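Numbering (the working numbering), first residue to last: -11 to 322. I have placed the structure first, in the form of structure tokens, so that the comments after it can refer back to it.
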């Protein structure tokens, strides 16, 4: 296969290059599956204003991407995917070592494989596609979440443990900025300053099932989140779903923590996902005025979430206190 031209064309925020005479193989379908879809539970649009987030160092660096050369932007995208993939693979190795040391249930390793396989598969597909991509876009949303668009396929960058995200992103930015002259604002970390808010420690997320007569089967995590289900069919998949819900709750807690630090009004009884927004985001309403934070939380927007319980857990999480809350109900409470 020969290309008519292989040079990159630079445009603000993204790279393109001429297509080969035969179209290059697109990203694996798993990347498309990772693109966020519109919630089936859309509600009345919030009437308040969209609150802007303060970005992490990585998000700030991505926002400055147009200031770098085409080659540097291509390198940055590759480094982001490589770092996220390494984090998931390291987490898998940690689980394996814990099992060997503690003589735990091998099914735990299988569950971790099943829960992370789509994410790891998408990252590996992206890693292979980036060097030959026809169009590559680096984007950050208003809550500091990083998105790569690779030949039109969306890949939201996530980390296996949200509580370790700041450290991983800091290391990535420092590695990139050692090789390139980064703008000053990309070198500073807005979360490094003392805020008086307790940050959750990076502890393993485990849990256990509770089975009782006349009660729904429930999986309770060490994070204090409980998920109810109507039956035990596909138990491993249900546990993986609860873990994913917890990841989205951690994303919300981070966004709320930053909003409070900026002095925004948060009325905890009003906090909930209200509707879908463009570009795969969702509106997290935070007060009676309808002000909202744009976040990516497709499961919280579609699963039967008990928001009174979620509100209580989020408030405790932001305040740095433990809480036990049944966030997912076996029967939709809405």
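Just so you know, even glycine gets a beta-carbon here, dropped at the ideal spot from N, CA and C. A quick note: this is a predicted structure, and the numbers were derived from the prediction, not measured.
Rounded to whole angstroms, the separation of the alpha carbons of residue 296 and residue 258 is 9 Å. Between residue 237 and residue 213, the CB-CB gap stays under 8 Å.
Here the region 44 to 57 lies against the region 130 to 150, with 3 or more beta-carbon pairs under 8 Å apart. For residue 122, the secondary structure class from DSSP, reduced to helix, strand or coil, is coil. Under the DSSP assignment, residue 282 falls in the beta strand (DSSP E) whose first and last residues are 280 to 283. For residue 83, the closest of 162, 301, 98 by C-alpha to C-alpha distance is 98. Leaving aside the five residues that flank residue 230 on each side, the residues in its chain whose CB is nearer than 6 Å to its CB run, in chain order, 207, 215. Closest in C-alpha terms to residue 246, from the list 305, 219, 265, 79, comes 305.
Residue 153 counts as buried, since no fewer than 16 other beta carbons sit within 10 angstroms of its beta carbon. Contact holds between the region 314 to 322 and the region 282 to 296, because three or more Cβ pairs, one in each stretch, are under 8 Å apart. CA-CA distance, residue 123 to residue 138, rounds to 6 Å. Per DSSP, reduced to three states, the secondary structure at residue 68 is helical.
The C-beta distance from residue 160 to residue 71 rounds to 5 Å, short enough to meet the 8 Å contact threshold. Pairing residue 234 with residue 145 gives a Cβ-Cβ distance that is not under 8 Å.
In this model, residue 57 and residue 164 are separated by some 13 Å (Cα to Cα). In the DSSP assignment, the residues bridged to residue 215 are 207, 316.
One Cα belongs to residue 115, the other to residue 66, and the distance between them is close to 7 Å. The C-alpha of residue 299 is placed about 6 Å away from the C-alpha of residue 256. In the three-state reduction of the DSSP assignment, residue 37 falls in the coil class, being assigned neither a helical nor a strand state.
For residue 321, same chain residues with a beta-carbon under 6 Å away, outside a window of 5 residues either side, are 294 in chain order. When the Cα atoms are used, residue 250 and residue 211 turn out to be separated by approximately 26 Å.
274 is the residue among 274, 225, 94 whose C-alpha sits nearest the C-alpha of residue 248. Judged by DSSP in its simplified three-state form, residue 194 adopts coil rather than helix or strand. Going by DSSP, residue 199 is part of no beta strand (DSSP E) at all; its letter is neither H nor E. Under the three-state reduction of DSSP output, residue 296 falls in the helix class. Residue 311 and residue 226 have their alpha carbons spaced roughly 21 Å apart. Your pair residue 287 and residue 281 does not check out as a contact, with CB atoms roughly 17 Å apart and the cut at 8 Å. Taking 8 Å as the cut-off, the beta carbon of residue 148 is found closer than this to the beta carbon of residue 76.
Taking 8 Å as the cut-off, the Cβ atoms of residue 285 and residue 309 do not count as close. Rounded to whole angstroms, the Cβ separation of residue 108 and residue 73 is 7 Å, and the two are in contact under 8 Å. With distances taken between CA atoms, residue 36 lies nearest to 262 out of 307, 195, 262, 78.
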